[in-house]
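*Asks:*
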Amino acid sequence: MIRGRPWLSFRFWFWSGLFLLTWALSSFSFQLYKALDARWIIRFPSKYEVPLASWLTDFFKWLQNDATFGLFTFRDATRFVSTILDWPYEQVRSLLIDGFRVGAGSSAIEVLPPLGWICVIVIVVALGWYAKNRYLAALAGACFVYLAVFGQWDAAMVTLASVLIAVPIGVIGGLVLGILAFRHDWFDKMLRPLLDLMQTVPVFAYLVPILVLFGFGPVAALVATIIYAMPPMVRVSTVALRNVPVEVVEAAKIVGCTKRQLLWKVLVPSAMPTLMVGVNQVIMLTLNMVIIASMIGAGGLGFDVLASLRRLDIGGGIEAGLAIVVMAIALDRLSQAFSRKPPDPIPPKGASFVQRHPWFVTTLAIAGTIYLAGFVLPWLREYPDEATITTSVFWESAIRWINVNFFDTLEAVKTFVLSYLLLPVKRFFTGIPWPWGVVVTGLIAGRIGGWRFGVIAALMALFIAANGLWAKAMITVYLCGVSVFIACAIGIPLGIWAGSNDRTNSVVGAIMDTLQTLPSFVYLIPVVMLFRVGDFSALIAVVLYALAPAVRYAAHGIRSIDPQLVEAGLVAGCTKRQLLWRIKLPLAAPSLLLGLNQTIMLALSMLVITALVGTRDLGQEVYIALTKANTGHGIVAGLSVAFIAIIADRIVSALAKSSENRLGLK
Amino acid sequence: MAGKIKLDCRNVWKLYGQHTEKLLEEHPDPDDETLAQNAIIGAVRDACVKIREGEIFVIMGLSGSGKSTLVRCLSRLIEPTAGSIEFDGQDLLAMSEAELIDLRRKKIGMVFQNFALLPHLTVLQNVAFPLDVQGIDRKTRESRAREMIDTVGLSGREDYFPMQLSGGQQQRVGIARSLVGEPEIWFLDEPFSALDPLIRREMQDEFLRLQSILKKTIVFITHDFDEAIRLADRIAVMKNGRIEQTATPEELVLNPASEYIAEFTQHVAREKVLKLRSVMDTKLSAKSFAGDIDGNLSIAEAAATVEAAGKPLRVLDEKGKPVGQIDAKAVIDVLVGRPFK
Numbered sequence: 002m003i004r005g006r007p008w009l010s011f012r013f014w015f016w017s018g019l020f021l022l023t024w025a026l027s028s029f030s031f032q033l034y035k036a037l038d039a040r041w042i043i044r045f046p047s048k049y050e051v052p053l054a055s056w057l058t059d060f061f062k063w064l065q066n067d068a069t070f071g072l073f074t075f076r077d078a079t080r081f082v083s084t085i086l087d088w089p090y091e092q093v094r095s096l097l098i099d100g101f102r103v104g105a106g107s108s109a110i111e112v113l114p115p116l117g118w119i120c121v122i123v124i125v126v127a128l129g130w131y132a133k134n135r136y137l138a139a140l141a142g143a144c145f146v147y148l149a150v151f152g153q154w155d156a157a158m159v160t161l162a163s164v165l166i167a168v169p170i171g172v173i174g175g176l177v178l179g180i181l182a183f184r185h186d187w188f189d190k191m192l193r194p195l196l197d198l199m200q201t202v203p204v205f206a207y208l209v210p211i212l213v214l215f216g217f218g219p220v221a222a223l224v225a226t227i228i229y230a231m232p233p234m235v236r237v238s239t240v241a242l243r244n245v246p247v248e249v250v251e252a253a254k255i256v257g258c259t260k261r262q263l264l265w266k267v268l269v270p271s272a273m274p275t276l277m278v279g280v281n282q283v284i285m286l287t288l289n290m291v292i293i294a295s296m297i298g299a300g301g302l303g304f305d306v307l308a309s310l311r312r313l314d315i316g317g318g319i320e321a322g323l324a325i326v327v328m329a330i331a332l333d334r335l336s337q338a339f340s341r342k343p344p345d346p347i348p349p350k351g352a353s354f355v356q357r358h359p360w361f362v363t364t365l366a367i368a369g370t371i372y373l374a375g376f377v378l379p380w381l382r383e384y385p386d387e388a389t390i391t392t393s394v395f396w397e398s399a400i401r402w403i404n405v406n407f408f409d410t411l412e413a414v415k416t417f418v419l420s421y422l423l424l425p426v427k428r429f430f431t432g433i434p435w436p437w438g439v440v441v442t443g444l445i446a447g448r449i450g451g452w453r454f455g456v457i458a459a460l461m462a463l464f465i466a467a468n469g470l471w472a473k474a475m476i477t478v479y480l481c482g483v484s485v486f487i488a489c490a491i492g493i494p495l496g497i498w499a500g501s502n503d504r505t506n507s508v509v510g511a512i513m514d515t516l517q518t519l520p521s522f523v524y525l526i527p528v529v530m531l532f533r534v535g536d537f538s539a540l541i542a543v544v545l546y547a548l549a550p551a552v553r554y555a556a557h558g559i560r561s562i563d564p565q566l567v568e569a570g571l572v573a574g575c576t577k578r579q580l581l582w583r584i585k586l587p588l589a590a591p592s593l594l595l596g597l598n599q600t601i602m603l604a605l606s607m608l609v610i611t612a613l614v615g616t617r618d619l620g621q622e623v624y625i626a627l628t629k630a631n632t633g634h635g636i637v638a639g640l641s642v643a644f645i646a647i648i649a650d651r652i653v654s655a656l657a658k659s660s661e662n663r664l665g666l667k
Numbered sequence: 002m003a004g005k006i007k008l009d010c011r012n013v014w015k016l017y018g019q020h021t022e023k024l025l026e027e028h029p030d031p032d033d034e035t036l037a038q039n040a041i042i043g044a045v046r047d048a049c050v051k052i053r054e055g056e057i058f059v060i061m062g063l064s065g066s067g068k069s070t071l072v073r074c075l076s077r078l079i080e081p082t083a084g085s086i087e088f089d090g091q092d093l094l095a096m097s098e099a100e101l102i103d104l105r106r107k108k109i110g111m112v113f114q115n116f117a118l119l120p121h122l123t124v125l126q127n128v129a130f131p132l133d134v135q136g137i138d139r140k141t142r143e144s145r146a147r148e149m150i151d152t153v154g155l156s157g158r159e160d161y162f163p164m165q166l167s168g169g170q171q172q173r174v175g176i177a178r179s180l181v182g183e184p185e186i187w188f189l190d191e192p193f194s195a196l197d198p199l200i201r202r203e204m205q206d207e208f209l210r211l212q213s214i215l216k217k218t219i220v221f222i223t224h225d226f227d228e229a230i231r232l233a234d235r236i237a238v239m240k241n242g243r244i245e246q247t248a249t250p251e252e253l254v255l256n257p258a259s260e261y262i263a264e265f266t267q268h269v270a271r272e273k274v275l276k277l278r279s280v281m282d283t284k285l286s287a288k289s290f291a292g293d294i295d296g297n298l299s300i301a302e303a304a305a306t307v308e309a310a311g312k313p314l315r316v317l318d319e320k321g322k323p324v325g326q327i328d329a330k331a332v333i334d335v336l337v338g339r340p341f342k
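Going down the list, the protein sequences come from chains L and P.
Note that my numbering numbers the first sequence so that position 588 is 589, with each residue one more than the last.
Note that my numbering numbers the second sequence so that position 162 is 163, with each residue one more than the last.
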């Protein structure tokens, strides 16, 4: 840049020129098409459209019907996986809620009843106490009591059963893949783009093939959940193993550890605290999937929410949604406590089994007694129906009250935002003719991330256009852009405030924690109730969901500034404002950009879900494909969303990296 | 001092970068420029050290001088690019993975700068870890670990976890762990650098006490010249990956091989390094002597005696043969830093 005269620099001309040209083309694309009589300007010529979707559909049909590996067919393989998943799931479900039975159908005889609500609560309380203290025990207990009292127990246990199956598989699978990637560079290189894709493809997109391969039911839901929840565990495992200090590894080698000893006696235990963070993530993602998975056959709370949403049963939806939140909070806090728990003290020598495992034995004794007592006193096993409380009437009337009294205000806000923000931006993005869109994507990406990435980005944009999805993709980009803008406009100042004030930080931190624990669907319920379906509702839901990273990274960025630099600023006589703008913000820039990146990713994943409330973007395409079980179409639309995410991710990461380099931070 | 050679390292190179072996084939002794041109970093360059049984061999150098890389080559934690290393006459670099594991289990112990304790194990389990890895049963390994913990003075803390201990205590655990397998050669990689100065001093004393009992062959890495002088039988000074000089502390002070080494020795408390033999007048010219004195005493140790004598003292070698004389003036010259002789 030429000092003092930025308008002379190439950079300035490049960006403003690009913007003006795009704006002009977007505004006049229709006139251009009329004048030149070139329809291809606004629509990708249909004779060149790639029939990728139907190829994929055919491929899956072939897989399902004809594919064979010689000894067994592909269908045998999926059936095998089904059986492996189904058996433990049935056992856990029997234990928690259904009871163990012999025989089938109406002739089934119950051999052993399920644990019953008090037993489960006793176990949860004991876990909380063991992992941290009695406050956590009380919190976890209260959460589960809530489930019983508010009549969500049965559905919640069905959900818990699938969590209890999906989490161990996700954790162990993730750990194994993580270890392989840690040990073999080639495996890491192969896995990484796959993980990137897995985390950016919207879940809906792989629901379709899973549905086709495994059929509607809990197993398909489990498979989808595991696929969704595993990638972070893989990453966390690899990072955790890499971060074991070199010296510790050397110490292990010098005492003569074999490779296996090195891994299991040194690396994995040393990495345990970080690995537990991964376990926590798997749990949270599993809960996040609860509602989505119910679309392909998971029962439980998710199904209740979905069913209520579909029949616009406000109260029922909020009740079941809250139950998911409550369960998520309990499981989140429990797993976090386990990850921070210091090792147990060593029991004295010659201790008996009881002395060595006091928690286990006590819990088993209490739970066992209650279980046996349950044969005599049935209320110990099943929470009495007459004692349940339902809040759905309350929610209904609350929403009705708001709608009656504030309808005009809400409507005014909605109209204002729609006509002054959403519609103009929408017009701008949807007006961009696709050929220029492809070029401009390439130019922006190339300018920021290098020409090779520019070419890749342009090809990705072309893929979207060539599959006839350009218009829908632009709606996705516009909705995502506006949501991210609003999320940052709210989140970054909030984060800066939290970053410079301890009390604010604890309050904001707690709110953000809760927001992140909520499964994404839950945001939709109240929004739809208040604003009905449409872009505006989608916008609010996305902003709420994507707010957390903007706040967190901003707070983190401000907090991790070297206090000496702030002191240097103070000594130089900076006012508070100067301190913020001249020192803190520039130094926090890389962190802010990383937050932006995360915000975009979350916004995109939420956008797909908002298809349920009537947006007309790529998410809707995926959702339609799901309801029609159209495999190819679902995958293509899903890939398109993933490509948008990848382009955005690489551009923002490149910006973050260059600002880090500029500041000399690592 | 003339013990048998335990570890013989000849012309060892460790280069980082691409095509390092090819570069060494083309240029057997590449200079800084050649390395820079090929974007190669020469961490260790043409290092030769012979470590004798029972000695404390200190490798001293500032950060980035390659000392840590060299010691890792000596234990083959890092694979050298070129050169040969013999351990008790066996070619270390030709050993298979299994042989290497066996050698490390039985003959090598190592202490690390940041202790490298396993956070999930107690003090006792950490110390017993090398034996655990060898598959020794719990009872035996724990009783040996207890002995070792006792030796380093940590009895009573067996069931603590590393994070509950102070830095000095953690390093005691590290030392106990490195010695529990009764190694023949003991590597210490900046063992006291992460400790506070007072604790460092205490640990150095502890180290010398242990060595007086154990008589191990020791390779000790440090960036602290005073520490090197204090502990070493012999010192190798490294700079930019090369060994500048290998000598006893006294020789380093008396005959520094380069300006660089002279920089260090200049500020050393010479009275603690120099021995009477190096300072004495080799001619027995005095008419009468106040008495005899051992020539292997340092100036600091002998100063009071020499001063009190009033007259020159006769200096004797190990066999009790008079080899020279010393008077108060010579001692004072050293003490005030005047050039002597």
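Glycine residues also receive a C-beta, built at the ideal position from the N, C-alpha and C atoms.
Predicted model, so just to flag it, every value in this text is computed and none were measured.
(1) Would DSSP call Val332 (chain P) helix, strand or coil?
(2) Grab the span of the alpha helix (DSSP H) containing Ala466 (chain L) for me, first residue to last.
(3) Where DSSP assigns a beta bridge to Thr266 (chain P), which residues make up the other side?
(4) For Met191 (chain L), does the count of other Cβ atoms within 10 angstroms reach 16, so buried, or fall short, so exposed?
(5) Taking the C-alpha atoms as reference points, what is the distance between Arg533 (chain L) and Ser393 (chain L)?
(6) Would a check of beta-carbon distances place Gly157 (chain P) closer than 9 Å to chain L?
(7) Which word fits Arg312 (chain L), buried or exposed, when buried means at least 16 other C-beta atoms lie within 10 angstroms of its C-beta?
(8) Starting from Thr259 (chain L), find everything on chain P with Cβ-Cβ shorter than 7 Å and list it in chain order.
(9) For Ile559 (chain L) versus Ala511 (chain L), is the C-beta distance shorter than 9 Å?
(10) In the DSSP assignment, what residue or residues form a beta bridge with Pro346 (chain P)?
(11) I'd like to confirm something about Gln170 (chain P): is its beta-carbon nearer than 8 Å to some heavy atom of the ligand COA, or not?
(12) In the DSSP output, which residue or residues are listed as bridge partners for Glu87 (chain P)?
(13) Just by C-beta distance, which residues in the stretch 270-304 of chain L are closer than 9 Å to chain P?
(14) Listing by chain order, which chain P residues have their CB less than 8 Å from the CB of Gln262 (chain L)?
(15) If I follow the unbroken alpha helix (DSSP H) through Gln172 (chain P), where does it start and stop?
(16) So which residues on chain P does Pro359 (chain L) lean against when the C-beta distance must stay under 7 Å?
(17) Among P:Leu211, P:Asp33, P:Glu260 and P:Glu87, which one has its Cα closest to the Cα of Lys5 (chain P)?
(18) Can you list the residues of chain L that His121 (chain P) reaches, using a CB-CB cut of under 8 Å?
(19) Below 9 Å on C-beta distance, what does Glu248 (chain L) contact in chain P?
(20) Would you identify the three-state DSSP class for Asp67 (chain L), choosing helix, strand or coil?
(21) Could you tell me which of L:Pro115, L:Lys473 and L:Val213 sits nearest to Gly375 (chain L), measuring between CA atoms?
(22) Report yes if the CB atom of Gln153 (chain L) is closer than 9 Å to the CB atom of Leu302 (chain L), and no otherwise.
(23) Which same chain residues, not among the five before or five after Ile294 (chain P), have their C-beta less than 8 Å away from its C-beta?
(24) Measuring CB to CB, does Asp227 (chain P) end up less than 9 Å from Val269 (chain P)?
(25) Across which residues does DSSP place Arg243 (chain P) in a beta bridge pair?
(26) If contact means a Cβ-Cβ distance below 8 Å, which residues of the stretch 64-96 of chain P contact chain L?
(27) Would a C-beta distance cut-off of 9 Å place Phe193 (chain P) and Leu75 (chain P) closer than the cut-off?
(28) Quick one, which of L:Leu72, L:Val362, L:Leu603 and L:Val245 has its alpha-carbon nearest Pro550 (chain L)'s?
(29) I'd like to confirm the pairing. Which residues does DSSP put opposite Thr218 (chain P) in its beta bridges?
(30) Starting from the Cα of Ala466 (chain L), find the closest Cα among L:Asp345, L:Leu53 and L:Gly18 and give me that residue.
(31) Please compile the residues from chain L whose C-beta is within a distance smaller than 9 Å of the C-beta of Ile109 (chain P).
(32) Give the interface partners of Val267 (chain L) over in chain P, defined as CB-CB distance under 7 Å, in chain order.
(33) Per the contact definition of three or more C-beta pairs closer than 8 Å, is the stretch 225-234 of chain L in contact with the stretch 42-53 of chain P?
(34) When the Cα of Leu365 (chain L) is compared with those of L:Leu460, L:Cys120 and L:Ser507, which residue comes out closest?
(35) Grouping DSSP H, G and I as helix and E and B as strand, with all else coil, what is Gln276 (chain P)?
(36) Using a Cβ cut-off of 9 Å (strictly closer), state whether Glu383 (chain L) contacts chain P.
*Replies:* Let me spell this out:
(1) For the purposes of this step, residue 332 (chain P) is taken as residue 331 along the second sequence, with counting starting at 1. Here Val332 (chain P) sits in helix by DSSP.
(2) Counted from its first residue, the first sequence places residue 466 (chain L) at position 465. Its alpha helix (DSSP H) spans residues Trp452 to Ala467.
(3) The count along the second sequence starts at 1 and reaches residue 266 (chain P) at position 265. In DSSP, Thr266 (chain P) forms no bridge with anything.
(4) In the first sequence, counting from the first residue as 1, residue 191 (chain L) sits at position 190. So Met191 (chain L) counts as exposed.
(5) The count along the first sequence starts at 1 and reaches residue 533 (chain L) at position 532. The count along the first sequence starts at 1 and reaches residue 393 (chain L) at position 392. Their Cα atoms are separated by approximately 19 Å.
(6) To locate residue 157 (chain P), count along the second sequence from 1; it is residue 156. No - not a single Cβ of chain L is within 9 Å of the one on Gly157 (chain P).
(7) The residue given as residue 312 (chain L) occupies position 311 in the first sequence. By the neighbour-count rule (16 or more Cβ atoms within 10 Å), Arg312 (chain L) is not buried but exposed.
(8) As a first step, residue 259 (chain L) is located in the first sequence; it is residue number 258 there, counting from the start. Ordered by position in chain P, the residues that pass the 7 Å Cβ test against Thr259 (chain L) are Ile102.
(9) As a position in the first sequence, residue 559 (chain L) is number 558, starting the count at 1. As a position in the first sequence, residue 511 (chain L) is number 510, starting the count at 1. No.
(10) With chain P covering 2 to 342 only, the question about residue 346 (chain P) has no answer from this structure.
(11) Absent from the structure shown: the ligand COA. Ligands present: none.
(12) Here the question's residue 87 (chain P) lines up with position 86 in the second sequence. Answer is P:Asp9 and P:Asp92.
(13) Pro270, Ser271, Met273 and Pro274
(14) Along the first sequence, read from residue 1 onward, the residue named residue 262 (chain L) stands at position 261. Simply Val134.
(15) What you label residue 172 (chain P) is simply residue 171 of the second sequence in a count that begins at 1. It spans Gly168 to Leu180 - the alpha helix (DSSP H) in which Gln172 (chain P) sits, taken as one unbroken run.
(16) Position 358 of the first sequence holds residue 359 (chain L). The premise fails here: Pro359 (chain L) is roughly 17 Å from chain P at the closest Cβ pair, so nothing lies under 7 Å.
(17) Residue 5 (chain P) sits at position 4 when you count from the first residue of the second sequence. When each option's Cα is compared against that of Lys5 (chain P), the closest is P:Glu87.
(18) Stepping through the second sequence from its first residue, residue 121 (chain P) is reached at position 120. What His121 (chain P) touches in chain L: Pro270, Ser271, Met273 and Pro344.
(19) Within the first sequence, residue 248 (chain L) is the residue found at index 247, counting from 1. Here the neighbours are Phe113, Gln114, Asn115, Phe116, Ala117 and Asp190.
(20) Residue 67 (chain L) sits at position 66 when you count from the first residue of the first sequence. Three-state result, Asp67 (chain L): coil.
(21) To locate residue 375 (chain L), count along the first sequence from 1; it is residue 374. Of the candidates L:Pro115, L:Lys473 and L:Val213, the one whose C-alpha sits nearest the C-alpha of Gly375 (chain L) is L:Pro115.
(22) The residue labelled residue 153 (chain L) in the question sits at position 152 within the first sequence. The residue labelled residue 302 (chain L) in the question sits at position 301 within the first sequence. For Gln153 (chain L) and Leu302 (chain L), yes; Cβs fall inside 9 Å.
(23) Within the second sequence, the letter at position 293 stands for residue 294 (chain P). Excluding five sequence positions before and after Ile294 (chain P), the CB atoms of its chain that fall closer than 8 Å to its own CB belong to Leu277, Ala303, Thr306, Val307, Leu314, Arg315, Val316, Leu317 and Ile327, given in chain order.
(24) Locating residue 227 (chain P) in the second sequence gives position 226, where the first residue counts as 1. Locating residue 269 (chain P) in the second sequence gives position 268, where the first residue counts as 1. Yes, Cβ-Cβ distance for Asp227 (chain P) and Val269 (chain P) is below 9 Å.
(25) Within the second sequence, residue 243 (chain P) is the residue found at index 242, counting from 1. Note: Arg243 (chain P) sits in a beta bridge opposite P:Lys240.
(26) If the cut-off is 8 Å between Cβ atoms, the stretch 64-96 of chain P has Arg73, Ser76 and Leu78 near chain L.
(27) Taking the second sequence and counting its residues from 1, one reaches residue 193 (chain P) at position 192. Taking the second sequence and counting its residues from 1, one reaches residue 75 (chain P) at position 74. No, Cβ-Cβ distance for Phe193 (chain P) and Leu75 (chain P) is not below 9 Å.
(28) Here residue 550 (chain L) is taken as the residue at index 549 of the first sequence, counted from 1. Per the Cα distances, L:Leu603.
(29) Locating residue 218 (chain P) in the second sequence gives position 217, where the first residue counts as 1. Looking at the DSSP assignment, Thr218 (chain P) forms a beta bridge with P:Ile186.
(30) For the purposes of this step, residue 466 (chain L) is identified with residue 465 of the first sequence, where counting begins at 1. Nearest option by C-alpha distance: L:Leu53.
(31) Mapped onto the second sequence, residue 109 (chain P) falls at position 108. Result: Ile255, Val256 and Gly257.
(32) The residue given as residue 267 (chain L) occupies position 266 in the first sequence. Ordered by position in chain P, the residues that pass the 7 Å Cβ test against Val267 (chain L) are Leu119.
(33) no
(34) If you number the first sequence from 1, residue 365 (chain L) lands on position 364. Closest in alpha carbon position to Leu365 (chain L), among L:Leu460, L:Cys120 and L:Ser507, is L:Cys120.
(35) Working through the second sequence from its first residue, we reach residue 276 (chain P) at position 275. The sequence given here places Lys at residue 276 (chain P); Gln does not occur at that position. For Lys276 (chain P), the secondary structure class from DSSP, reduced to helix, strand or coil, is strand.
(36) Stepping through the first sequence from its first residue, residue 383 (chain L) is reached at position 382. Not closer than 9 Å to any Cβ of chain P, the Cβ of Glu383 (chain L) fails to qualify, so no.
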